[in-house]
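Q: The numbers in UniProt numbering rise by one with no breaks, and the one at position 74 of the sequence shown is 74.
After the structure tokens below, expect a handful of questions from me.
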Amino acid sequence: MGMGDDDLLAFRQQWKKELERTKEVKKQSSDGRPGLSGVDGGGSGRSGDAGGTGGEAAGLEAAEEPQYVSIAAGLLDGRSSPLLERIAEERTRRKRRCEGGGEQKCSGPRQRRRSSLIDQLIQDLNETNDIPFFDVELPYELALKIFQFLSKADLGRCAQVSKSWRMLAEDEVLWYRLCLEEGYQSGASVSDSPCWKSTLRDCYNTEKTVKYNWKNRVGSVSHLQYELGKVLCDVSSCDGLVIAGYTSGDIRLWDTLHWDSGALKAAHTIRDDFPPPHVSFVRVCETVASAVYENGCVDVWSTEVGLEPIHHYQHLQRVHALDLSIDGPVLATASGLEVRVDSPDDGGYWKSRCITQLSKPVDGVLVVPGKRVLPLVLAWAGESVSMLDSRARLLHYVYGQPVTCLDVTACRAALGVKSCGWGMNDGGNKVKVYSLETRQPELSLGNSPGDFTCINLRDAPPHLLVCGNKDRRVRVFDLRTGTSVVSLYAHHLGVTTVQADDWKIVSGGGEGLVSVWEMRMGTKLWEMHNRHPVRHIRFNASTLVTANIPDEKNPRGACITDDDLTAHRRHRGVICYYDFSMNSSTQDHVLPICRSNYSETSGYNYNIGLAMPYDTLADPRSSGL
């Protein structure tokens, strides 16, 4: 450390001498500046053709001076070329040392030269002002390939390095890919947004607001009603479309995106019947809607053009099941022992693809999602489950254990099995998971004493299965471990329908309650009650559709006369549409105390304006009372 102090003292003395000769140095530098392009690390000057005698004298004097004095003189004159050359030499020497590290190890130990203060200064400047390697070595396209593996936070850090890195980190292609990876703006192209970084930020803020609204039940509630339809029979919804069938034979279709509604006309054979047959089942997808009547007639409409049926056929017996594929216009119906599958050809003409006879009356059918040459349908009857395409193949059969419910994805099928008699010794009722490719069982879940009433595998998060049971519980199973991760005591009259996503569960019960649960905490966020059992629940990121459908289709004592065109409100059933996409911060007319959330101890009132709102009371002892 003493040697370093001597160098610093010598440097100060030489600098003072230079300050005393500042006039002479400035005169020499002004004479030699036109021809001077830089001074090397050894202190030798360079003169151009127009340098003159003054430049030669300055170069000669600089050669006689110590190295650090010449560098200081250059800094006083505003010239930085010696320092830049030293930085370049230091960078080159460091790169060679990194490349030839092995050779230096083999050459034996060398005596390390103690670095002076000026060398340390140059090394520090070299570390702080080092040019990013993307600027000098990699082309833009290759650097963009490297940046595409970074996350949002890493791109933000890289944008603070330099201007060139910021230009790379804010490239539209990178943020467009991040939007698609996060699940936003699916189907969009790069040219659809001028700034994908802002688009991703807006989508994230919107998702955060919608999640807050879900938890605190902030939003609008609409009732989809049709008084002339009398009693509600069945409801289905998909992508903003809601279809409902009534005992009057009417079919209503609502478009919740544009708030448009219309009546779908039945075929002429149904219009001539009096009284008109009740609607048994309805289904809707993005392009088509279908309905089944009590007399076995099946009608199909297009949701895009016209109100007249585009396809019609009739079963000889009453239809017991109906399903419509969400991926395309594939319709499956079951009547007695017969299962029929219809779909349009390339020309748009509907035709029957498959008509199969099973050994027992069919209880239900489901169209397997996915694009296939021939539609694949699962049909269950009693204890057996069959796969139907061009032929019938048995998927599951256990004697004495009937199937109570079923759901299917593109590769798996989950079915609730009821254990009877000797089967109760095997642990109670279970959920069997099968692979559709191998037709072999993969998992056996649960051991509940009650019957499984509903299973949701299609809309559940990956590797999760949610189901409801008559024992009043909602269960979530992890398909990777085969264990129950969530078990909620939900509805005292049994669970009728359920759906879940990555953080919440929405369930409906026979008592008419719709409950929203947080999956991680296992706590109930809020609930809504209506008369009649909940038979339909479907939600997406910002909307929720629920339907309370009466079990009694022909109530008595509801009207003064039997020929009344309407039924009493308490007998009709109700369809509720919840929209949580509204921004609660714009509600200036609502007091802040009435918008409290779980983090506030003052109160929580479901966004209802109270006449006497909760007050935050101070401790009497702290106020001196």
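Backbone N, C-alpha and C define an ideal beta-carbon position, used for all residues, glycine too.
From the DSSP output, in three-state form, read off Y598 for me.
A: Per-residue confidence for Y598 stands at a pLDDT of 49, beneath the threshold of 50, marking its modelled position as unreliable; no derived number is given.
Q: Should D299 go down as buried or exposed, given a rule of 16 or more other Cβ atoms within 10 Å for buried?
A: buried
Q: Would you check if there are 3 or more beta carbon pairs closer than 8 Å linking the segment 186-195 to the segment 208-216?
A: no
Q: For E304, tell me which candidate among T333, W254, Q317 and Y313 has the shortest Cα-Cα distance.
A: W254
Q: CB-CB under 6 Å to T601, same chain, minus the five flanking residues each way: which ones, in chain order?
A: Any reading at T601 is ruled out, since the residue's pLDDT is 45, under 50, leaving its predicted position unreliable.
Q: Is E437 helix, strand or coil by DSSP?
A: In the three-state DSSP reduction, E437 falls in the coil class, being neither helix nor strand.
Q: With E207 as the anchor, note down where its alpha helix (DSSP H) starts and where it stops.
A: W196 to N216
Q: So the beta strand (DSSP E) F452 belongs to, where does it begin and stop?
A: F452 to N456
Q: Considering only the beta carbon of each residue, do Q401 and S386 sit closer than 8 Å?
A: Between Q401 and S386, the CB-CB gap reaches or exceeds 8 Å.
Q: Using 8 Å for Cβ pairs, my map puts L493 next to G510. What's the rounded Cβ distance?
A: 3 Å
Q: Please report how far the alpha carbon of P277 lies from the alpha carbon of T247, in whole angstroms.
A: 7 Å
Q: Would you tell me roughly how many angstroms separate the C-alpha atoms of Q225 and Y184, rounded to the nearest one?
A: 33 Å
Q: Thinking just about the alpha-carbon of each residue, which of A153, N205 and V282 is nearest to the one in S581?
A: N205
Q: In chain order, what residues of the same chain lie with their CB nearer than 8 Å to the CB of A392, ignoring the 5 residues before and after it?
A: T356, L358 and S386
Q: Could you check what DSSP says for T92 in three-state terms: helix, strand or coil?
A: helix
Q: Using 8 Å as the threshold, is the C-beta distance between V485 and V476 below it?
A: yes
Q: Are G522 and V498 touching if we call contact CB-CB under 8 Å?
A: Not a contact, by the Cβ cut-off of 8 Å.
Q: Within 10 angstroms of the Cβ of A460, are there 16 or more other Cβ atoms? Answer buried if so, exposed if not.
A: With 16 or more other Cβ atoms within 10 Å, it is buried.
Q: Please say whether S444 and N429 have beta carbons closer to each other than 8 Å?
A: Not a contact, by the Cβ cut-off of 8 Å.
Q: Can you check which of these residues, D7, K432, V161 and V367, is closest to T483 by C-alpha distance?
A: K432
Q: Within this structure, are the beta carbons of Q314 and G296 separated by less than 8 Å?
A: yes
Q: K105 by DSSP, collapsed to three states: which one?
A: Summary for K105: the model assigns pLDDT 46, below 50, so the residue's position carries little reliability; its value from the coordinates is reported in the next sentence. K105: helix per DSSP, three-state reduction.
Q: Let me know the secondary structure DSSP gives S448 once reduced to three states.
A: Of the three classes helix, strand and coil, the one that applies to S448 here is strand, per DSSP.
Q: Using only CA atoms, which one of E286, V362, D273 and D346 lies nearest to Q317?
A: Of the candidates E286, V362, D273 and D346, the one whose C-alpha sits nearest the C-alpha of Q317 is V362.
Q: To the nearest angstrom, how far is it from the Cα of V373 to the Cα of R439?
A: Their backbone Cα atoms lie some 19 Å apart in a straight line.
Q: For V466, which residues of its own chain have a beta-carbon under 6 Å away from its beta-carbon, when the five flanking residues on both sides are left out?
A: Result list for V466: N456, A460, V476, V498 and A500, in chain order.
Q: Quick check on the burial criterion: 16 or more other C-beta atoms within 10 angstroms. Buried or exposed for R252?
A: buried
Q: Going by DSSP, name the residue or residues bridged to G262.
A: L253
Q: Where does G416 sit, in a helix, a strand or coil, going by DSSP?
A: strand
Q: Assign P462 to buried or exposed, taking buried as 16 or more other Cβ atoms, counted over all protein chains shown, within 10 Å of its Cβ.
A: exposed
Q: Helix, strand or coil for T247 per DSSP?
A: coil
Q: Among the candidates L180, R96 and E383, whose CA atom is the shortest distance from the CA of L200?
A: For the set L180, R96 and E383, the Cα lying nearest the Cα of L200 is the one of L180.
Q: Please tell me whether V367 and V339 are closer than 8 Å, where the distance is taken between their beta carbons.
A: no
Q: May I ask whether a heavy atom of the ligand NAD can be found less than 7 Å away from the beta carbon of R412?
A: You won't find the ligand NAD in this model; it holds no ligand whatsoever.
Q: Whose C-alpha, out of V417, S390, Y349 and G156, is nearest the C-alpha of A381?
A: The residue with the shortest Cα to Cα distance from A381 is V417.
Q: Below 8 Å between beta carbons: does that hold for L322 and S290?
A: yes
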